[in-house]
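Colleague: Take a look at the following structure, please.
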Amino acid sequence: MVKIVFPSFCNEHLTFIQVRDDSTGVGASIGSQTDLGSDAAISEHLPRRDKQELKVEYKKALKQESELQTEITRLDEKITQIMADDNNSRPMLLQEKEVLLEEIRRLNSLVRSEGEKVRKRLLRHVFLQSLVLEREDFVLFQNFRLGKNFTNSVT
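Shown next as structure tokens:
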């Protein structure tokens, strides 16, 4: 039985092939930079069946690489479209943001003005309460003075 090991592929070229016959234990290494699709590169060292399998695997690898390149191209186009959509929608989003910021400013202004109104009402109420207390204080003081004068006049 012949065993073939492919250590690496580099840019669609075979870098190293190791062929080993397990029944005899004899092995050979073949170094090549020749394209695998070429019959001349592998015809001397491999049986016909193995050459066919290698060709099939090579063609599958090329097909898979092509499919992957197509998928990459499709994804690049999708990314480009998304970025273009983002660029197209950016002015609209900025305008919406500006409208929302203006609404926040308006609400903050209303809150401040309502807060100012409440503060003024509270100050007015405190002021009126202090006037009432001063008036009561004055009346009590007057009554005290009158009471003291009354007490002095009786004695």
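Numbering (my numbering) for the sequence shown: 103 to 257. Even for Gly, the Cβ is constructed at its ideal location relative to N, Cα and C.
So, helix, strand or coil for Thr117, using DSSP?
Modeller: Summary for Thr117: the model assigns pLDDT 47, below 50, so the residue's position carries little reliability, and this model does not support an answer.
Colleague: So, helix, strand or coil for Pro149, using DSSP?
Modeller: Pro149 falls in the coil class under three-state DSSP.
Colleague: Apply the 10 Å Cβ neighbour rule to Leu195 and answer buried if 16 or more other Cβ atoms are within range, or exposed otherwise.
Modeller: When all chains shown are included, Leu195 counts as exposed.
Colleague: Label Leu233 either buried or exposed according to how many other C-beta atoms from any shown protein chain fall within 10 Å of its C-beta, with 16 as the threshold for buried.
Modeller: Exposed, by the Cβ-count rule.
Colleague: Give me the Cα-Cα distance between Leu164 and Ile174, rounded to the nearest whole angstrom.
Modeller: Leu164 and Ile174: Cα-Cα distance of roughly 15 Å.
Colleague: State the Cα-Cα distance for the pair Asp239 and Ser211, rounded to the nearest angstrom.
Modeller: Rounded to the nearest angstrom, the two C-alpha atoms are 41 Å apart.
Colleague: Measuring straight from C-alpha to C-alpha, what distance separates Lys222 and Ile184?
Modeller: Approximately 55 Å between the Cα atoms of the pair.
Colleague: Nearest-angstrom Cα distance between Met172 and Lys157?
Modeller: Here residue 172 turns out to be Thr, not Met, going by the sequence shown. Approximately 22 Å between the Cα atoms of the pair.
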